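**Student:**
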Amino acid sequence: MLKVLIADDEEKICQLIEKLIDWQALDMTLCGVANNGIEALEKIEALSPDVVITDIRMPGYDGLDLVKKTRELNVGVEFVIISGYRHFEYAQTAIKYGVSDYLLKPIKKQELTETLEKIRVRYNEKSEQLTYEERVRLARKSDAERLRTIWFSNVLYRDRSEQDCSSLEEINKQYYYQLKPGCFQIVCVKFDGISMPDEKNLEFLTEKTTQIAEQMLKGQVFDWELYVENSHIYLFLNYGEENRKLIRRQCKNILNELAVLESILEGLRVTIGFGTTVWNIEQLRGSLKSARYLVEQRLVAGNGKLLEGELRSSFHLASSQWFTQFNQNMNTALESLDRQQVGDCLMKLKEGLLEQPDMTGHEILQMCREVCNLYLFFMKNHKIPIEQNFMERFNQGVEFCSSAREVLRYLIKEISASYDNAVAGKMQENNRPIRMAKKYIRDHYREAITLETVSEVAGFNPTYFSSLFKKETGKNFLEFLSEVRMEQAKSLLKETNLNVASICEEVGYSDVKYFTKNFTKYSGLKPNEYRKLYS
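Below, the structure written as structure tokens:
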């Protein structure tokens, strides 16, 4: 049996938990009670409980300190935190330290029982003392869950042109479902406000959603399944026609229960897309499409709601005059590498879209993806290299935007960052031949080098090279060569005893008078005057 320790500074709470749970049915036993954190830690060391149910606030060590200190002891204890405080920091820290669950007061018997049951199941799965029959049962259960998930993921991801002609009987037999003729529906739960959530947060939210859905749907459906995709959780429901109104009511209750988590995870908002009901399993993708569409509608309708209704489309992006103008202006800006014009185009796009009163959330996302595709097309057309995963990164990030404004800000941010990186790379690529030319000049300034010689080294014809060199350095070829020779002559005048004629020859000149004239023009002093002043 699993040993359980209760830690709470309120004696009545300890007594309530003790009487609330059927310990024997859970194959658990109460091994002790502690009324403060210090006593609780001592009993953890002395009694070695498997599970500790603790209040978040206690004298001595609070619940989170107790978790931390127990983890430092390196003992395998499962913690259930019970709190009257709905603060983000508590929940985040609890999740960070691997707490099994974070329950809010008042304590609900069913919720606590289900949490303890899951702990017991996890313990049994880890136990090396499992009977052969139990191992077989768990293996079959795991296989069944995996097969059910495979079928559901096929519904989500298979090509739209494919048709799944399997009958209910075949699906039930092959994938361990218990489907019956009646209503089929996809409901999508979407979490916002947890930008790029980590694995612990998602695990916590998934666990809570599963727990609440089980409570609300038990006895109301023939069968149901849950599938997680990033910050979306899809529920597949199969139920009788007579329960249609009840299922909608229960989904609303699921939303209300999940809304409690908004006070635990700061900034969290929950939306439910209530997909259309279909009466044929082959039409399930239609329900999925509507659930996704409705969840996207939160971008304009607001989140924190149960959204339902028919699909509609009233805005035609390609035919809008201002979008056509955007295409032309954006193409011109990218072709001329005009950063200011690129930014102006994107801001006008944002303003133009926000002025469209009838755009749906789906159309806004569709438009953003179209803009990204146009951006990629224009960049490729103008031979400006761009990172290969741009579109993948955009699609992942835009999923965590919760309003139309946020989506458009993200679009501008991603395109601007991508553009800046691409142009920097392009400039560096263009600079490479110039860097090669400058190095060649510095290495061979003593020789009678010409524009033709250096342009050949850079890989360009003399005319284009001359223009590019002037653009990149601000000097023409002869000015740069003369500057290199004059600077070297200065060094030789300061650091050696060579006469002017020798220095003239050393830096690539054959005529001393011409050298002296150029040096005087460059430095303001004749060579001998320069030597007297600086040597």
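Each residue of the sequence shown is one higher than the one before, starting from 403 at the first, in our numbering.
Positions of the beta carbon are idealized from the N, C-alpha and C atoms, including for glycine.
Quick caveat: nothing in here was measured; it's all calculated off a predicted structure.
Does the beta-carbon of N640 have 16 or more other beta-carbons within 10 angstroms, so that it is buried, or is it exposed?
**Tutor:** Buried: at least 16 other Cβ atoms inside 10 Å.
**Student:** E432 to K691, Cα distance in whole Å?
**Tutor:** Glu is not the amino acid found at residue 432; the sequence shown has Leu there. Between L432 and K691, the C-alpha separation is close to 49 Å.
**Student:** For K828, does the three-state DSSP call read helix, strand or coil?
**Tutor:** Looking at K828 - three-state DSSP - the assignment turns out to be helix.
**Student:** Which residues does DSSP list as the beta-bridge partners of Q587?
**Tutor:** Partner(s): L639.
**Student:** From S563 to A824, what does the alpha carbon distance come to, in whole angstroms?
**Tutor:** The predicted position of S563 is uncertain, since its pLDDT is 42 and thus under 50; a value taken from the coordinates is nonetheless stated next. Near 37 Å, if we compare the C-alpha coordinates of A824 and S563.
**Student:** So what does DSSP say about D545, is it helix, strand or coil?
**Tutor:** D545 falls in the helix class under three-state DSSP.
**Student:** How do the region 850-867 and the region 827-839 stand: do at least 3 beta-carbon pairs fall below 8 Å, yes or no?
**Tutor:** They touch, by the three-pair rule.
**Student:** Give me the Cα-Cα distance between Q565 and W626, rounded to the nearest whole angstrom.
**Tutor:** Below a pLDDT of 50, predicted positions are generally treated as unreliable, and Q565, at 45, falls in that range; no measurement from the model is reported.
**Student:** Going by DSSP, name the residue or residues bridged to L432.
**Tutor:** Paired residue(s): V406.
**Student:** Going by C-alpha distance, which of L628, T456, S689 is nearest G486?
**Tutor:** Checked all of L628, T456, S689; the closest Cα to G486 is T456.
**Student:** If you reduce the DSSP assignment to three classes, tell me which class Q565 lands in.
**Tutor:** The pLDDT assigned to Q565 is 45, lower than 50, so where the model puts this residue is not dependable, and the model offers no usable value.
**Student:** Using a Cβ distance threshold of 8 Å, determine whether the region 805-819 contacts the region 691-710, with at least three qualifying pairs required.
**Tutor:** At 8 Å Cβ cutoff, the stretches touch.
**Student:** Taking the CB atoms as reference points, tell me whether F779 and L751 lie closer together than 8 Å.
**Tutor:** Cβ atoms of F779 and L751: not closer than 8 Å.
**Student:** I need the straight-line Cα distance from R714 to F796, nearest angstrom please.
**Tutor:** The straight-line gap from Cα to Cα measures roughly 25 Å.
**Student:** Compute the distance between the beta-carbons of V744 and C770, then report whether it is under 8 Å.
**Tutor:** Going by C-beta atoms, V744 is not nearer than 8 Å to C770.
**Student:** Give me the Cα-Cα distance between I446 and L667, rounded to the nearest whole angstrom.
**Tutor:** When rounded, the distance between both Cα atoms is 29 Å.
**Student:** Which residue comes first and which comes last in the alpha helix (DSSP H) that contains L648?
**Tutor:** Looking at the DSSP string, the run of the alpha helix (DSSP H) that includes L648 is 646-661.
**Student:** At the level of alpha carbons, what is the spacing between Q652 and L670?
**Tutor:** Answer to the nearest angstrom: the Cα atoms are 21 Å apart.
**Student:** Quick check on I851: does DSSP put it in helix, strand or coil?
**Tutor:** Of the three classes helix, strand and coil, the one that applies to I851 here is coil, per DSSP.
**Student:** Please list, in chain order, all residues of the same chain as S884 whose beta carbon is under 8 Å from its beta carbon, the five residues on each side excluded.
**Tutor:** Taken in chain order, the residues that qualify are N920, Y924.
**Student:** Name the DSSP bridge partner or partners of E627?
**Tutor:** Looking at the DSSP assignment, E627 forms a beta bridge with F638.
**Student:** Per DSSP, what are the beta-bridge partners of F457 in this structure?
**Tutor:** With the sequence shown as reference, residue 457 is identified as Asp, and Phe is not the correct amino acid for it. Note: D457 sits in a beta bridge opposite I484.
**Student:** From which residue to which residue does the alpha helix (DSSP H) around L713 run?
**Tutor:** Careful: L713 lies outside any alpha helix (DSSP H) and carries neither H nor E.
**Student:** Could you have a look at I788 and say whether DSSP puts it in helix, strand or coil?
**Tutor:** If DSSP states are grouped into helix, strand and coil, I788 belongs with coil.
**Student:** So, helix, strand or coil for F862, using DSSP?
**Tutor:** The answer is coil: DSSP assigns F862 none of H, G, I, E or B.
**Student:** Quick one: grab the DSSP three-state call for I836.
**Tutor:** Correct three-state label for I836: helix.
**Student:** For the beta strand (DSSP E) holding L505, just list the boundary residues, first then last.
**Tutor:** Taken as a continuous stretch (DSSP letters only), the beta strand (DSSP E) holding L505 covers 503-506.
**Student:** If I measure Cβ to Cβ from S633 and keep anything under 8 Å in the same chain, skipping five residues before and after, which residues do I get?
**Tutor:** Closer than 8 Å at Cβ, skipping near neighbours: K592, F593, D594, I596, P599, L604, E801, F802.
**Student:** Smallest Cα separation from E412: which of D424, L443, K507, Y936?
**Tutor:** Closest option to E412, Cα to Cα, is K507.
**Student:** Have a look at E664 and K654 and give me their C-alpha separation to the nearest angstrom.
**Tutor:** For E664 and K654, the distance between alpha carbons rounds to 16 Å.
**Student:** Assuming the contact rule is C-beta atoms closer than 8 Å, R887 and G910 should be a hit. Round their C-beta distance to whole Å, please.
**Tutor:** Yes, R887 and G910 are in contact; Cβ-Cβ is about 5 Å, under 8 Å.
**Student:** Please check the pair Y499 and V469, which I expect to be a contact at CB under 8 Å, by giving their CB distance rounded to whole angstroms.
**Tutor:** So it is a contact: roughly 5 Å between Cβ atoms.
**Student:** For the alpha helix (DSSP H) containing E697, name the first residue and the last one.
**Tutor:** The identity of residue 697 in the sequence shown is Val, whereas the question assumes Glu. Start and end: 686-698.
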